[in-house]
Amino acid sequence: MTASRIAVAQLCSSANVTRNLQVVKDLIQRAIDADAKVIFFPEATDFISQGPQHSKLLANESLDFLNGITTMIKTTKTKIDVSIGVHLPPIKGEDRIQNALVYISADEGIKSIYKKIHMFDVDVPNGQSFKESNSTAPGRFIGDIINTPVGKLGPSICYDIRFPELALKLRSMGAEIICYPSAFTMKTGMAHWEILGRARAIDTQCYVVMPAQQGVHDTGAVANKRESWGHSMIIDPWGDIIARVDASVSDPQIICADLNMERLHQLRESMPLMKQRRKDIDFGL
2 MTASRIAVAQ LCSSANVTRN LQVVKDLIQR AIDADAKVIF FPEATDFISQ GPQHSKLLAN
62 ESLDFLNGIT TMIKTTKTKI DVSIGVHLPP IKGEDRIQNA LVYISADEGI KSIYKKIHMF
122 DVDVPNGQSF KESNSTAPGR FIGDIINTPV GKLGPSICYD IRFPELALKL RSMGAEIICY
182 PSAFTMKTGM AHWEILGRAR AIDTQCYVVM PAQQGVHDTG AVANKRESWG HSMIIDPWGD
242 IIARVDASVS DPQIICADLN MERLHQLRES MPLMKQRRKD IDFGL
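Heads up: take any position in the sequence shown, counting from 1, add 1, and you land on the working numbering.
Written out as structure tokens, the structure is:
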């Protein structure tokens with residue numbers, strides 16, 4: 002058994018939280034069978050909704066969704082941790098839901114919750130307009146580094162990948178792995194998904210883990226179908242893609258890779274980017 006093996010899941014979440022949970026459980030079992038120590042799921046694994054009000058309604062089921070995962074991994078013979086993107090209900094005094102990355106330990110239960118900092122409020126050139134902040138409250142804090150069986154994990158979510166200062170901060174806090182659970186649009190995914198992942202890996206000299214939603218989501222809506230780019234991948238600290246999904250497969254799938262921390266630290270020693278940063282100069286960011 003390889004102590005540093007991870008799995009990355011790709012799926013197409015619907016508006017049916019119960020059905021999504023069963024897909025997640027099946028993928029967790031596949032990861033266990035592959036000897037993975039941690040499995041990473043995409044953003045919004047619990048559901049993809051029709052819109053803000055639908056999201057607010059479905060978010061009431063998200064805690065049961067998380068409890069179902071926690072119960073499973075605590076009772077399986079072979080231990081595995083789960084990193085998963087979900088929605089959480091609004092906090093007191095707030096009308097909007099939360100977009101969160103939840104890390105669940107087989108031994109400790111829910112170990113960490115990071116709330117997405119950067120909202121996807123954009124007009125995609127020659128494409129759709131999105132205003133995530135209409136339905137989702139932005140997080141206010143950088144996530145803590147999470148000690149995992151495969152290394153030190155820095156949490157981020159989807160649109161966060163476009164902000165290198167967040168990734169560099171996570172690296173300075175001790176991250177060896179940065180994950181970006183995502184639901185990229187088709188247009189932005191085709192243009193930028195791989196480039197952004199490789200850039201963040203090179204910037205930070207971290208493993209970058211990119212679990213993604215893929216396909217046309219069954220939200221129950223007749224029109225305005227939402228489609229996600231997919232192309233989940235795992236990137237090493239040199240910027241090489243060491244595992245990627247088969248883009249021709251529409252069914253839920255996992256990919257696995259072994260993380261070589263010895264190589265990571267050798268790379269950082271031979272090219273000591275963090276030590277070479279000019280902290281005496283204010284770059285105005």
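A virtual CB, placed ideally from N, CA and C, is assigned to each residue, including glycine.
To the nearest angstrom, how far is the alpha carbon of residue i from that of residue j?
i, j, result
"I235", "I242", "6 Å"
"L169", "Q215", "28 Å"
"S134", "E95", "12 Å"
"I7", "K117", "23 Å"
"M2", "D259", "Confidence at M2 is low in this model, with a pLDDT of 43, below 50, so its placement is unreliable and the value that follows should be read with caution. Each residue's alpha carbon lies about 11 Å from the other."
"S136", "E270", "44 Å"
"F131", "V39", "32 Å"
"A60", "R20", "15 Å"
"L67", "N127", "37 Å"
"C13", "S50", "12 Å"
"V18", "S173", "37 Å"
"L22", "P273", "43 Å"
"R227", "I196", "23 Å"
"M275", "I203", "12 Å"
"I91", "R278", "This sequence places Pro at residue 91; Ile is not what is there. So the alpha carbons of these two residues sit roughly 39 Å apart."
"I81", "Q54", "34 Å"
"F164", "L268", "23 Å"
"P238", "N225", "38 Å"
"L171", "C207", "10 Å"
"V246", "D281", "43 Å"
So for residue i, helix, strand or coil by DSSP?
i, result
"V1", "Outside the shown range of the chain (2 to 286) lies residue 1, about which nothing can therefore be said."
"N148", "strand"
"S251", "coil"
"G128", "coil"
"V210", "strand"
"Y104", "strand"
"V223", "coil"
"M2", "Here the model assigns M2 a pLDDT of 43, short of 50, so the residue's position is not dependable, and the following value carries that caveat. DSSP places M2 in coil when its eight states are reduced to three."
"I228", "The displayed chain sequence assigns Glu, not Ile, to residue 228. Looking at E228 - three-state DSSP - the assignment turns out to be strand."
"L268", "helix"
"Y115", "strand"
Would you mind stating whether residue i and residue j have Cβ atoms separated by less than 8 Å?
i, j, result
"I85", "K57", "no"
"I255", "V9", "yes"
"G155", "A184", "no"
"R201", "I162", "yes"
"G231", "A244", "no"
"V125", "I105", "no"
"C257", "A35", "yes"
"G140", "Y115", "yes"
"M211", "S229", "no"
"I111", "T71", "yes"
"P43", "A213", "yes"
"T76", "Q129", "no"
Which whole-angstrom value is the C-beta distance of residue i and residue j, which I expect to be below 8 Å?
i, j, result
"M120", "Y160", "7 Å"
"P253", "Q11", "7 Å"
"T1", "S15", "Residue numbering for the chain in the displayed model covers 2 to 286; residue 1 lies beyond these limits and cannot be assessed."
"I179", "T149", "So it is not a contact: roughly 12 Å between Cβ atoms."
Exposed or buried, which one is residue i when buried takes at least 16 other CB atoms within 10 Å?
i, result
"E263", "exposed"
"H266", "exposed"
"G144", "buried"
"L89", "buried"
"D1", "Here the chain covers residues 2 to 286 and nothing more, so residue 1 does not appear."
"D122", "exposed"
"M73", "buried"
Residue i: beta carbon under 7 Å from a heavy atom of the ligand GTP?
i, result
"S136", "Absence of the ligand GTP from the depicted structure is noted, as is the absence of any ligand whatsoever, leaving it without description."
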